[in-house]
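Since the structure comes first, as C-alpha cells, the remarks are kept for the end.
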Amino acid sequence: MPVILQGSLDRFPAAVLLPFLVAHAQSGTLALERGSKRTRIFLRDGRIDWTEASNGLGAEEAILDCVAWDDGTFSLQDEAVLPDGATPLGLDPAVLIEEGLRRAQAMREALGAFQPEQEFEVITERDEKDQISLSHDEFTVLFRIGAGRTLAALAKDLGRPMSDVIPTILKLQTGGLIREKSAPPPPPPPPAPIESSDATTLSSAKRLRTLAGSLTPSGTGTVHPLLDTEYTIGRDAANTIVIPDGSVSSKHARVIKTADGFVLEDLNSRNGTFVNGERVTGTTLLNDNDVVRFGRVILTFNAATEEVPGSATNPGSA
Numbered sequence: 000m001p002v003i004l005q006g007s008l009d010r011f012p013a014a015v016l017l018p019f020l021v022a023h024a025q026s027g028t029l030a031l032e033r034g035s036k037r038t039r040i041f042l043r044d045g046r047i048d049w050t051e052a053s054n055g056l057g058a059e060e061a062i063l064d065c066v067a068w069d070d071g072t073f074s075l076q077d078e079a080v081l082p083d084g085a086t087p088l089g090l091d092p093a094v095l096i097e098e099g100l101r102r103a104q105a106m107r108e109a110l111g112a113f114q115p116e117q118e119f120e121v122i123t124e125r126d127e128k129d130q131i132s133l134s135h136d137e138f139t140v141l142f143r144i145g146a147g148r149t150l151a152a153l154a155k156d157l158g159r160p161m162s163d164v165i166p167t168i169l170k171l172q173t174g175g176l177i178r179e180k181s182a183p184p185p186p187p188p189p190p191a192p193i194e195s196s197d198a199t200t201l202s203s204a205k206r207l208r209t210l211a212g213s214l215t216p217s218g219t220g221t222v223h224p225l226l227d228t229e230y231t232i233g234r235d236a237a238n239t240i241v242i243p244d245g246s247v248s249s250k251h252a253r254v255i256k257t258a259d260g261f262v263l264e265d266l267n268s269r270n271g272t273f274v275n276g277e278r279v280t281g282t283t284l285l286n287d288n289d290v291v292r293f294g295r296v297i298l299t300f301n302a303a304t305e306e307v308p309g310s311a312t313n314p315g316s317a
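Using numbering that gives the first Met the number 0, the letters of the sequence shown map in sequence onto residues 0 to 317.
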C-alpha cells in the first residue's frame, strides 16, 4: 500500500493530525510510533474501523492514549485492510479525541507537578481488603519505587521518558499503593555507651523490611503480585493464585506476609512444595530470587525491600 502522508509527531502531533484526518473524511491506515509504542488506526471516511496497539489497548483506550503523543513518527497509507475476522467498529472519533485532549492537558499539568529528583515510597498500611490488579509494567515500577529510586532514576532504569512513567505513578498513587516520600526525620541522638560484663559491644546495623513481593512462573509473562496479608495457592479456582496443573493440589500452599517478610507454608500437598530444591516442612521465610516449586510448576519469588534501622551484636574488647 502506498504511503500518502508521513512525518514527525513533534511537528504534526497526534492531537492535530487525527482531527485533520477526521475533518477530511480520510480513509486509510494511520501508523503511529513513539518509542516502544506502536499503534495502527484503520480509518474509513473519517470513522475508526479498527485499531492495533502494541501495548494491547482496546480501540477506545488506544485512541485516548495516542492523542497525547507529541513526539515520534507517523505515516498514512491509502488503504485500510482489516485483520481477518475483524468486524468494523465504525467509531465516531470526535468524542474520543475531545476526551483524549482533556487527558493530555491533565497530564501536562501533572508533569509540571513532578520533579526529576522526587521520590516515592510504598504504602505498607494499606487496607488489606482492597483488591488491586496491576500489569507487569506497573508492578515493575512498584518494585523500583520500593527499592528507593528517584523519578529520574526510575525513568532511566526503564529506558523511557518521564512522561511515559508518570501515568503509572499516578495510577499507583490513586490506588493507594504509593505516596510521595517526605523528608526523613532528623537522626536520633547517639545511644549512650553500654558496658557489658562479657566484653561485647553493640554496633548499629541495618536490616531489610519487605514491602511487597511477587511470584513469577518460569517462561511466562504472568506476574502474581503479593501485596495482601495472605494468599492461597492451588489448582482450585477458589484460591487466590490459581495454578491449573495436575501436579498441583487443589489447595497446595499459602504465602503469609509477616513483619519479617513473606512466609511460605505447604498445606499437606500431594507432590510437595520446594524452595531452592529443599522440601518445605512447616513454614519457610522466602528471600529475593528464591526458586519455588509446587509439584512440577516452577516460580521465582522476588521482593521489594527498604532498609530500616536495626542492631547487630559484634564481639569486641572491653
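Glycine included, every Cβ here is placed at the ideal spot set by N, Cα and C. Quick caveat: nothing in here was measured; it's all calculated off a predicted structure.
- Taken in chain order, the whole beta strand (DSSP E) runs of length 3 or more contained in the segment 25 to 104 are 27 to 33, 36 to 43, 46 to 52, 72 to 76.
- Under a 10 Å Cβ-count criterion, Thr-228 is classified as exposed, with fewer than 16 other Cβ atoms of the shown protein chains found around its own Cβ.
- Under the Cβ criterion (8 Å, minimum of three pairs), the segment 88 to 102 does not count as touching the segment 22 to 30.
- Spatial neighbours of Ile-96 in its own chain (CB-CB distance under 8 Å, excluding positions within 5 residues in sequence) are listed in chain order as Ala-14, Leu-17, Pro-18, Val-21, Ile-62, Val-66.
- Leu-225 is bridged by DSSP to Gly-212.
- DSSP places Lys-155 inside the alpha helix (DSSP H), whose first and last residues are 150 to 157.
- The beta carbon of Gln-114 sits closer than 8 Å to those of Leu-150, all from its chain and outside the five residues before and after it, given in chain order.
- Within the same chain, Trp-68, Asp-69 come within 7 Å of Pro-12 by CB-CB distance, once the 5 residues on both sides are set aside.
- DSSP, reduced to helix, strand and coil, places Thr-239 outside both helices and strands of the structure shown, so it counts as coil.
- By the Cβ-count criterion, Ser-213 is buried, with 16 or more other Cβ atoms from all chains shown falling within 10 Å of its own Cβ.
- A direct Cα-Cα distance of roughly 32 Å separates Leu-171 from Asp-244.
- The residue from Thr-72, Ser-248, Phe-300 with its alpha-carbon nearest to that of Asp-265 is Ser-248.
- When the alpha-carbon of Asp-77 is set against those of Leu-42, Asn-238, Ser-268, the nearest one is in Leu-42.
- Judged by DSSP secondary structure, Thr-283 falls within the beta strand (DSSP E) whose first and last residues are 282 to 284.
- With contacts defined as CB atoms closer than 8 Å, Thr-282 and Val-296 fail to qualify as a contacting pair.
- Rounded to the nearest whole angstrom, the CA to CA distance from Glu-137 to Thr-167 is 6 Å.
- Rounded to the nearest whole angstrom, the C-alpha separation of Phe-73 and Gly-55 is 19 Å.
- Here Asp-83 is exposed, its C-beta having fewer than 16 other C-beta atoms within 10 Å.
- In the DSSP assignment, Val-21 falls within the alpha helix (DSSP H) that extends over 13 to 22.
- Boundaries for Leu-266: no beta strand (DSSP E) harbours it, and the DSSP string shows neither H nor E there.
- With at least 16 other beta carbons inside 10 angstroms of its own, Ser-268 counts as buried.
- Boundaries of the alpha helix (DSSP H) around Ile-168: 161 to 173.
- The alpha-carbon of Arg-253 is positioned some 13 Å away from that of Val-274.
- As the crow flies, the alpha-carbon of Arg-39 is around 14 Å from that of Pro-87.
- Judged by DSSP secondary structure, Val-290 falls within the beta strand (DSSP E) whose first and last residues are 290 to 293.
- At least 8 Å separates the beta-carbon of Leu-141 from that of Leu-169.
- The C-beta separation of Glu-118 from Lys-180 comes to about 4 Å, placing the pair in contact by the 8 Å criterion.
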